[in-house]
Every structure is written in C-alpha cells, then in structure tokens.
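Participant: Chains as they are written, first to last, in my numbering: chain A, 295 to 531; chain B, 30 to 133. The beta-carbon is built from N, C-alpha and C at its ideal position, and this holds for glycine as well.
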Amino acid sequence: MGWKEFKAGLRGGAPVGVGYFSVSFGFGAMAVAQGLTAWMASLISVTNLTSAGQFAGLTLIVASASLWEMVLTQLVINSRYALMSLALSQRMGEKIGVLPRLLVAFINTDEIFALAMARKEPLTVPYMLGLGVLPILGWTAGTLCGGLAGSALPVSIRRALGVMLYGMFIAVVVPPARRERNILAAAALAMGLSCLFTWAPVLKELSEGLSIVVCTVAAAGLCAWLFPVREEEEAEV
Amino acid sequence: MSIYAYIAAMAVTTYLIRALPLTIFRKPIGSAFLRSFLHYVPYCCLTAMTFPAILSSTASLVSGAAALVVAVFLACRGKSLIVVALSSSAAVLVTEWIQYLGNL
C-alpha cells in the first residue's frame, strides 16, 4: 500500500520535475553570472525549493543586503505558502503525525500543492513524499547544470519550458471551475484582482509575492462570505 | 557577510512559513467561514499566479496568449496535467517560430 502510493506520487511529480529543471537551469545560469559558484546556487535550490524567493534572494545577496532584509523579503514573497500549508493541513486530516508534516512542509511548493489538491484519493504520507522526490531532484540538478553550462540551451526553449508550470496551474483550476459556478466566480475574481495589481497605478508597486497573497485572501474571503461551502462539497477539492 | 549566512536565513524563513501552519493547525477547523475560505484558496492563489503573469512570461504577448488559450482549451476538454502543460509549451515554441519567420 505504502509503496504503491509512493510510486503514484513519483509519477505525479515527474512532469513537475521536468518543468522545474528548466526553470532552475535559468536560476543556476543567472547565479553564476552574478558571481556565485554553481555549488552555492545548488545549495540555495536544495534548501529553499522556491522560485520567486530564490530569484529575489539572489538579488539581495549580490547587493550585500542585511540579513533582516533577506528574512523580510522571503516572508513577503513566500507568505502564500502559509495559506497553502493551512489548506494542505486541513486536507491531510488530523491523523497524520508531526514528523511527516515537517517533511511535507519542505516540499510544499506551488506545483506540488496544486497536484496534492487536485488528487481525488486521500492524501497519504507515502504519496506526498513520492510527489516531492522528482521535483527536488529536478530543481537541484537544473540549478547545477545551469550553473555549469550557462546558456547552452537556447533561450527560446528554456522560456517555452517555463510556461509548463502555468499550464499545470490551468489544468488544475479549469475542470472544477467548469463543474462548480462558485469556484469559477472565485477564480474570475482572483484573476481580476491580479490584473489590477499588475497594471493599476500605485497597486502595481506592490511586490509580486505580496500581491498574490492580497488577491488570494480578498477573492477567497469574499467568496467564502458570499457562497459558503457545505460539508459535502468540500470533500472534492 | 558569508554567503552561507544568507542561504541559511533564506532557507529557515521559507521553511518556517511552510511548516508552522502544517503542524499547528491540525484539528479540523470549526468555523464555516474559514472552511469555505480554505476551499477557495487553491483556486484563487493558482489563478492569481497564472494570470496575467503568463502573458509576460515569454518573448511576446502573442506567444504567452497562445499558451494560455491552448492550456484553457485542453483543460476544458479534460486533458491530463502533463498534456496541458506540454501543449502550452509547444504553443509558445510554434508561435514564436511563426513570428520569427514573419519578421524575416
């Protein structure tokens, strides 16, 4: 049972691993171009496992910023993970112990979260851990290769691979949004707010990480107030 | 300052953000509002991250839009995650290639 679940997780995480490889390849190449070694860049990737936070962190390292600025920036950019962890915690159920939770927390990236929430079967610990293996490998190996090889792959191919991550998000959101009007409304609202925070004067000054949190809290909060969910509907998220 | 101090600060902060909510809030949440809120969080968060960022993630607005349209269309048809993701990548490559030929 455990082994079967682990393998199911591995299979689920494979496309994410491939997508990560291409994105982190860019991160590795950029880090080395800015004066870090390929080893340091890989160390950042294997310990952080986050894209936006790492790119921002790299900028701060290069600028010799203070450690407090580093901590604050990571808090702002990565605060969305707190919401995801909260949702994931509810989804996993209270039977799962602290140690597995501490492990799952490490691999709670946007994409792994998306896959976990899209799963119809219950979230078991072996499944979650299996889900994390290939993305961690892809993310770290991509950084190392990017650091060592620089810009071997043409930019056009790297960029095209980078879009895979968005493709996965869309594949997670669209089917339930078509089934349930409330989810469609929530997604549409989040999309509208996200556009405001990208293009509107003043609002667009907000960092990308923080604006994602604001859009999520506002859209999910408004929808929770307007369309409360009954118990039986929740099970299918 | 040592680069390792930066790396440690980044890693610890990011990990705590992820680990605390997962370990502290284990009991089912009683409040209907909070439960509904968490029901909508994944969809809102993923959508806010995708749009409009996808439009500016490629070399041109057109190829980003092509990725979006292809992904939404295939997701509506119920295609799997990997098919949707790879097809949107392919859409970017093909669009940018056509644009490149058009500019020659």
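#1: I want to verify the contact list: residues of chain B whose CB lies under 9 Å from the CB of A/M378, in sequence order.
#2: Please check if any C-beta of chain B sits within less than 7 Å of the C-beta of A/F463.
#3: So B/S117 is in the alpha helix (DSSP H); what residue range does that whole segment cover?
#4: Below 8 Å, how does it come out for the segment 76-84 of chain B and the segment 480-488 of chain A: are there three or more Cβ pairs, yes or no?
#5: Indicate the three-state DSSP secondary structure (helix, strand or coil) for B/S31 in the structure shown.
#6: Where does A/A529 fall in DSSP's three states?
#7: I believe A/V427 touches A/L304 by the beta-carbon criterion, under 8 Å. Please report the beta-carbon distance rounded to the nearest angstrom.
#8: Can you list, in chain order, the residues of its chain whose CB lies under 6 Å from that of A/E530, leaving out five sequence neighbours each side?
#9: If we count the other Cβ atoms within 10 Å of its Cβ and call it buried at 16 or more, is B/Y33 buried or exposed?
#10: Hey, would you say A/A332 sits closer than 7 Å to A/V340, going by beta carbons?
#11: How would you label B/F66, buried or exposed, when you count the other beta carbons within 10 angstroms and need 16 or more for buried?
#12: Relative to the C-alpha of A/S505, which residue among A/G436, A/F491, A/F315 and A/W297 is closest?
#13: In chain order, what residues of the same chain have a beta carbon less than 6 Å from the beta carbon of A/E299, not counting five sequence neighbours either side?
#14: So, does the segment 353-366 of chain A touch the segment 386-405 of chain A, judging by three or more C-beta pairs under 8 Å?
#15: Can you list, in chain order, the residues of the segment 118-132 of chain B whose Cβ is nearer than 7 Å to any Cβ on chain A?
#16: At a CB-CB cut-off below 8 Å, which residues of chain A make contact with B/V98?
#17: Are A/A480 and B/Y69 close, meaning C-beta to C-beta below 7 Å?
#18: So for B/S65, helix, strand or coil by DSSP?
#19: Just checking, does the segment 50-60 of chain B make contact with the segment 425-441 of chain A on the three C-beta pairs under 8 Å criterion?
#20: Any C-beta of chain B sitting closer than 7 Å to the C-beta of A/M364?
#21: With H, G and I counted as helix, E and B as strand and the rest as coil, what does DSSP make of A/I506?
#22: Is any beta-carbon of chain A found at less than 7 Å from that of B/F102?
#23: Does A/V326 get closer than 7 Å to chain B when you measure Cβ to Cβ?
#24: Across the segment 371-381 of chain A and the segment 466-482 of chain A, are there enough close Cβ pairs to call them in contact, namely three or more that are closer than 8 Å?
#25: Is there at least one Cβ from chain B nearer than 7 Å to A/G311's Cβ?
#26: Contact check, A/A335 vs A/F321 under 8 Å by CB: the rounded distance?
#27: Would A/R524 be called buried (16 or more neighbouring beta carbons within 10 Å of its own) or exposed?
#28: Taking Cβ-Cβ distances below 8 Å as the criterion, which residues of the segment 314-325 of chain A are in contact with chain B?
Facilitator: Straight from the coordinates:
#1: R47, P50, V70, P71 and C74
#2: yes
#3: L110 to N132
#4: yes
#5: coil
#6: Bear in mind that a pLDDT of 47 at A/A529, under 50, signals an unreliable position, so the number given afterwards is only what the model happens to contain. Three-state DSSP puts A/A529 in coil, outside helix and strand.
#7: 6 Å
#8: Interpretation of A/E530 is limited by its pLDDT of 46, a score under 50 that renders its predicted location unreliable; no figure is taken from the coordinates.
#9: exposed
#10: no
#11: buried
#12: A/F491
#13: T418, P420 and Y421
#14: no
#15: S118, V121, L122 and E125
#16: Going along chain A, no residue has its Cβ under 8 Å from B/V98, so there is no contact; the nearest lies around 10 Å.
#17: yes
#18: helix
#19: no
#20: yes
#21: helix
#22: no
#23: no
#24: no
#25: no
#26: 7 Å
#27: exposed
#28: none
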